[in-house]
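Visitor: Submitted below is the structure of interest, expressed as structure tokens.
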Amino acid sequence: MKLISCHIAGFGRIKDLKLDFDCGICEFFEENGWGKTTLSVFLKSMFYGLEYSPRKKELTERAMYEPWDGGVYGGNLVFSVDEKLYRIERTFGQKDKDDTFAIYDLPVETPSSAYTSNIGEELFEVDRESFERSIFIPQDSLEVGITDSLNAKMGGVASVSDDMKNYEEVVKRIETAAKEYTSSSRINPGRIKKITEDITSAREMSESIPTLQEAYEAKCNLLATRQQNLHELESQKSEISARIKAAGAAEQRLGELRAKQQSLEGYKQTQATLDDFFARGVPADEDLDEWDSRERDLEVNRSRREELRSKQPSGEDLDVLVELFEDRPIGEEKLTEWSQQADKIKELRLKGTHSQMTKEDRDALTDLKNFFRKKLPDPEEIKEQLGIANQEIELSGKLKTQEERYSALRKQMDEHHESKSGHSSIASILIFILLTLTLFFGGFYFKVLFSAKSTLTDVIAYTCVGLGVMLIISFVGTIILRYQRDKRDREKFEQELWDASDELEATQSEHDRMRGISESFLADFDMEYEDIQQAIIEVQRRADRFLALQENERQFASTNSDSLDELSELQLKLYTSLAHYTTVLGVNLYDTQDEDRVIRDLSVLNTRYRDFQDREKEIHRVSGEITAESDGLRAVVSSYPVEEPDSIPHALKEIRQKVMLYSETGKRIEEITEELKEYEETPDSTVETESLASLQEKQQALEEEITELKGYITDDIRDLDERSQQLSDCEDAAGRIPALEEDRAEMEEQVRLYEETLQCLGEAKENFLSAYMGPLQRSMTSYLRRVYPGGEADILAGDIRLDMNLDIQLQQAGITRSGKHLSAGYHDMAAFCARLALVDVLFGGESPMIVMDDPFTNFDEDKLEKAKELVREVSEKHQIIYFTCHGSRSVKEAGR
Amino acid sequence: MKIIHCADLHLDSKMESNLASGDARLRRDELLDTFGRMVTYAAENAVRAIIIAGDLFDKQHIRKTARMRVLEEIELHPLIDFIYLKGNHDYSDFLDGVETMPENLKLFSDSEWTSYTYDDVVITGREITEDNVKTISTNLILDSAMCNIVVLHGQESEYEGKDKTPVVTLPDFRDKYIDYMALGHIHYYKLDKLDDRGVWCYSGTLEGRGFDECGAKGFVLLNIEDKRVIPTFVPFAKRLLHEVEVELGSEDQDMPAIMGRISSAVEGIPEKDLVKVVLTGRIPMNTDIDLPRIRRSFDENFFFFKVQDRTRTLINYESFANDRSLKGAFVRLVRDKDIPEKEKEKIIEIGMKALMGEEL
């Protein structure tokens, strides 16, 4: 393949550039920054297009080389393959879908079907990356940069290098992944080991199911047996309980017999004691009842006596009663008579009271006497004063009206005066003066000053003057008329004002006179007032009241005199009768005049005294009864040896209790005797061979055995539950086995896949190496031998090797050393040869051009010449696009 | 008259193996609860009898609580007859140790046909064993004037079984005046015509126990009027199991896309249910499916959630045809190997991930 020419319409900074490559070595002698990389990317893009990666975040070549001016992005390339000429035309858009591609057969300019838009791969049999990274040999990178440029540009080699470098890591990664499954470490076992253990465990559990089942059934049987035993033991226990119960019953019967006998003895002793007590005979129930009744009566009497005594007055109260009534009892008739007298006295007093004025009236009368102490006006005078007061009020109203009228007139007059003065007068004067002056001046002007005098001007002048004079006359006349009018008005207002003032004064004078009369009248009375009319009305009211009260007083005085005599006489009579009693009671009727109360009190006290006397009698009588009854009962009690002979109730109670006891004891003795007789006559049917104690021991033993057995049964049931759960767990485990085995199979398969992968990778590596490294080494050695054909003392071409990283190595005497042991020049030359070898190896088919960007800047003269020679040799096989910025490094021979 | 037909309850049996032990126990108890609810339903709807067509339990050893729960339900509902036919998984007799048989519990045997009559309805059943499987139908005599319900447990087939597996050979039961054949053994509802007169029906199980038992589960309510049996499937399971396949493609290149596809696929599934998502399809090599992340995202949305990765890797061999690197050499080597395609994809996937430094 050979490039012929290209036209760059727009690509990066290059715009509309045509280049010819029709040569083995196409040397471009350009400065730095010209666009060498741009050109190499353009060439690549013609064959491979531009990558479109919308998801890539970094700047793509498509974006980087897009013309900024928005012009055509692309170009064309003419090349030849197998003597045939083709032209590729490509343009690029924002996306790969916007790209265009066309290939033409030249020189016929017809579309060609020889290649598609993937022409790069079709032609060179390598992908874009490998192509790009291999054909570009940069500047200043031969020494340390060989590897860098391989990494940057020579994709196939870079990835080889990376792949090889990473191969060990790749293997390790896979082995580590596999180990996750296969590890047999105890601390960190692999997943297969874990799942195998799970399977084993599940199998063990599954295999234990029959055993567990057997054990479970055995346990069930054992439990059943134990339950059966328990049932039997409980039956036995029931039987023994029955026997114990029977034996107990027998013993109880015996015990009862003994108890009865003892009880009989006891009763007999009691009876003997009671016989002593009742030596004089046992009282009958009727006697006991009678004694109790008498004792109750005795208590009743005592209570009654106490009650009566509590009601008796004592101390001072009694002394008063005695003093009052001991020698002078009062009968009912007397009291009634005294009451009547008191009623009469009250009636007379009331009558007297009603014949008097009330206190209010008396006080009112006193106040009015004081009010009218200076003068008591008669009704006519008051009436007259009222009239005067009314007139005064009328005059006040009239006075007010006149004052208002006077004020209005005054105001009117002032307003009238104001309207005649002011700025309007001044304004009219000024206007008059101005007009007058204007007219006179006009006249003067036309008459004197005007140059073109004529009749007309004279007329005008005279007219003006005349007008001026008339104006003066009219003004003066107006002033005179106005003055006269004003004067008339003023006189009129003043007259009216005088009249109003006179009226006002007259009214005021009359008002004051009226007021004086009223005030003079009211001065005789001690009262404050604001309104004269109201004050006079008040005087009138008080006078009427005063007269009425005086009349009342006169009437009361005349009716009281007769009743008083009768009252005195009756009072004396009654008070005398009550003298003793009132003295004792400390009451003075003349002061209190409360006869009713005294008589009432006497009646109460009299009743109280009588009650006292009655109670005393009753007390005496009851006391006698008490004494008699006590003696009788004491005599009864004394015939029995009671514990408390002095306390009759206790004694009687004791007697009664003992009578009851005696009776009961007798009955009990009979009953027990009868029972004993029956018992002796009835034989015991139960025959128990064992003693109760023995039976109880047996029962105790059985209970212990039962308790123990129940404990076992409870344990068995719990055990059965646990076994049941265990069986369930085992069955669950058995159920999990297939899934676990399936998982394990998957894991083993995964491990197998890892191993297969490792094997395949190993094979691929070998194939890869054998595909690239052998030919690479041979090619490099071939190039080196061309440079150093006869070998040199210090270097032999065959001693230089390439390692997997394409680093130069030196192998001498069986020892491999780093290429750094070589001098820089030899090293760079070896690296350059390695590059060329790489291109040979990578591009087995159609060989592309090689772009060299001034790669020999660091070579000395000798090596430079050798390198140039080598380039010229290589150019026979590969088209060389060579850039340099210095003539010494031009690879073209002179004349070429 | 109303009768309930249920079967394959598998009470107290093991559950889906990936359930946590607590959840597995809960599901086991829920099975018992569902049985209780069914009995309550029967009581509330005046059901006369409950036919249990086999596999009431399926363990040799039944927990005491489970046995007692069943017996309690029977004893608490004396007005409902429980007609119980043992199935091929009823290893042990759950009535072992019961002192007094409840009067409303009716049993069948394997030695002969047993019938129970309710007005004009006769329920007849027999346990199929290896010994009677071939001759079981020969002495089945039914009164054509009655409404006949026959209870059996086995796999229905149009043909006779070659071995002694419990098979219900349908032709043998045709034209025997059967109105309804209450079957057990199949764990999903299935109803089909038996002959001109009757139908055969599998009620399915009451609750699904694993993801091989997805879909509606419940019992069949038989309304019998004028000797006609009208069966109605009543979905009754507390929780359903759903196995959802999500096919991924080349467009599902990252986890958000995959999670979105899964979300769409499981939308509408109640949170009380159990869900298993199976990822299928072919995805690009650089697409990593983070199963733990998927589990964490959806775990709390359902009672139980499980995800399986059954995807295959999409490998474009052509893209590596000219790759002059170890990767290219590796891919080409594997491509040319004589091994199954699936294995090639897996090896390439592992190799590429390892070469690109990704986690395996």
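Those protein sequence lines, which keep their order, are chains A and B.
Okay, so the first sequence: first residue is 961 according to the working numbering, each after it adds one.
Okay, so the second sequence: first residue is 61 according to the working numbering, each after it adds one.
The C-beta atom is built at its ideal place from N, Cα and C for all residues, glycine as well.
Should G264 of chain B be flagged as near chain A, meaning a C-beta pair shorter than 8 Å?
Guide: no
Visitor: With 8 Å set as the bound, which would you pick, yes or no: does the beta-carbon of G1116 of chain A sit closer than that to a beta-carbon of chain B?
Guide: Residue confidence is low: G1116 of chain A scores 47 on pLDDT, short of 50, so the model does not pin down where it sits. No coordinate-derived value is stated.
Visitor: According to DSSP, is A1062 of chain A part of a helix, a strand, or is it coil?
Guide: strand
Visitor: Less than 8 Å separating the beta-carbons of K146 of chain B and E187 of chain B?
Guide: yes
Visitor: Who are the neighbours of F1728 of chain A on chain B, taking C-beta pairs under 7 Å?
Guide: At a beta-carbon threshold of 7 Å, the residues of chain B lying near F1728 of chain A are L386, A389, ordered along the chain.
Visitor: Quick one: list the residues of chain A neighbouring A242 of chain B, beta-carbon separation under 9 Å, in chain order.
Guide: Ordered by position in chain A, no residue passes the 9 Å Cβ test against A242 of chain B, which lies about 28 Å from the chain.
Visitor: Whose Cβ in chain A lies nearer than 7 Å to the Cβ of D383 of chain B?
Guide: D1087
Visitor: Does DSSP put M1114 of chain A in a helix, in a strand, or in coil?
Guide: Note that M1114 of chain A scores a pLDDT of 39, beneath 50, so its modelled location is shaky; the value from the coordinates is reported in the next line. When secondary structure is reduced to three states using DSSP, M1114 of chain A falls in the coil class, being assigned neither helix nor strand.
Visitor: Rounded to the nearest angstrom, how far is the Cβ of D141 of chain B from that of R97 of chain B, given a contact under 8 Å?
Guide: The Cβ separation is near 19 Å, so there is no contact.
Visitor: Could you list which residues in chain B have their beta carbon closer than 9 Å to that of T1185 of chain A, in chain order?
Guide: The premise fails here: T1185 of chain A is roughly 14 Å from chain B at the closest Cβ pair, so nothing lies under 9 Å.
Visitor: Touching or not, the stretch 1554-1571 of chain A and the stretch 1356-1363 of chain A, by the rule of three or more beta carbon pairs under 8 Å?
Guide: These segments do not touch.
Visitor: In angstroms, rounded to a whole number, what distance separates the CA positions of E1825 of chain A and A1784 of chain A?
Guide: 16 Å
Visitor: Measuring CA to CA, which of B:E172, B:T373, B:R355, B:A414 is closest to R342 of chain B?
Guide: Looking from the CA of R342 of chain B, the closest CA among B:E172, B:T373, B:R355, B:A414 belongs to B:T373.
Visitor: Using DSSP with H/G/I as helix, E/B as strand and the rest coil, what is T100 of chain B?
Guide: helix
Visitor: Could you work out which residue in A:R1761, A:E1140, A:T1536 is closest to G1774 of chain A when comparing CA atoms only?
Guide: Here the closest residue by C-alpha is A:R1761.
Visitor: Less than 8 Å between the beta carbons of T1717 of chain A and I1134 of chain A, yes or no?
Guide: Cβ distance < 8 Å, so T1717 of chain A and I1134 of chain A count as in contact.
Visitor: Here's the rule: buried if 16 or more other CB atoms are within 10 angstroms of the residue's CB, otherwise exposed. What is L1509 of chain A?
Guide: buried
Visitor: In chain order, what residues of the same chain lie with their CB nearer than 8 Å to the CB of I1673 of chain A, ignoring the 5 residues before and after it?
Guide: The residues are L1183, R1186, Q1187, L1190.
Visitor: Is the CB of V394 of chain B under 8 Å away from at least one CB in chain A?
Guide: yes
Visitor: Pair every Cβ in the stretch 1692-1708 of chain A with every Cβ in the stretch 399-409 of chain B, then say whether three or more of these pairs are closer than 8 Å.
Guide: no
Visitor: What does I1810 of chain A reach in chain B if we use C-beta pairs closer than 8 Å?
Guide: Within chain B, no residue comes near I1810 of chain A; the closest Cβ sits about 17 Å away, beyond 8 Å.
Visitor: If you measure beta-carbon to beta-carbon, which residues of the stretch 1715-1727 of chain A are closer than 8 Å to chain B?
Guide: E1716, T1717, C1720, L1721, E1723, A1724, K1725, N1727
Visitor: Take A1694 of chain A as the anchor and find which of A:G1722, A:I1169, A:T1642 has the nearest alpha-carbon.
Guide: A:I1169
Visitor: Can you say whether Q1301 of chain A is buried or exposed, counting buried as having 16 or more other CB atoms within 10 angstroms of its CB?
Guide: buried
Visitor: If the cut-off is 9 Å on Cβ atoms, which residues from the stretch 338-371 of chain B count as contacting chain A, listed in chain order?
Guide: Answer set for the stretch 338-371 of chain B: empty.
Visitor: Over what stretch of residues does the beta strand (DSSP E) that includes V1041 of chain A continue unbroken?
Guide: 1034-1041
Visitor: Could you check if A1023 of chain A is buried or exposed, using at least 16 other CB atoms within 10 Å of its CB as the buried criterion?
Guide: exposed
Visitor: G1476 of chain A lies in the beta strand (DSSP E); which residues open and close that run?
Guide: Segment 1415-1482 is the alpha helix (DSSP H) holding G1476 of chain A; no beta strand (DSSP E) there.
Visitor: Please state whether DSSP places I375 of chain B in a helix, a strand or coil.
Guide: Coil.
Visitor: Using beta carbons (cut-off 8 Å, strictly below), is S1684 of chain A in contact with chain B?
Guide: yes
Visitor: Using beta-carbon positions only, say whether R384 of chain B and V1131 of chain A come within less than 8 Å of one another.
Guide: no
Visitor: Please tell me whether R129 of chain B has its Cβ less than 8 Å away from any Cβ of chain A.
Guide: no
Visitor: Between G409 of chain B and the rest of its own chain, which residues show a CB-CB distance below 7 Å, the 5 nearest in sequence each way excluded?
Guide: Note that residue 409 of chain B corresponds to Glu in the displayed sequence, not to Gly. Sequence-distant Cβ neighbours of E409 of chain B in its own chain, meaning closer than 7 Å and more than five residues away, are M345, T373.
Visitor: Ordered along the chain, which non-local residues of its own chain (more than five positions away) have a Cβ less than 8 Å from that of V1104 of chain A?
Guide: Model confidence at V1104 of chain A stands at a pLDDT of 31, short of 50, so the residue's coordinates are unreliable and nothing is read from them.
Visitor: Of all the CB atoms in chain B, is at least one closer than 8 Å to the CB of L1102 of chain A?
Guide: Confidence at L1102 of chain A is low in this model, with a pLDDT of 47, below 50, so the placement of that residue is unreliable and no value is reported for it.
Visitor: Assign W1028 of chain A to one of two classes, buried (16 or more other C-beta atoms within 10 Å of its C-beta) or exposed (fewer than that).
Guide: exposed
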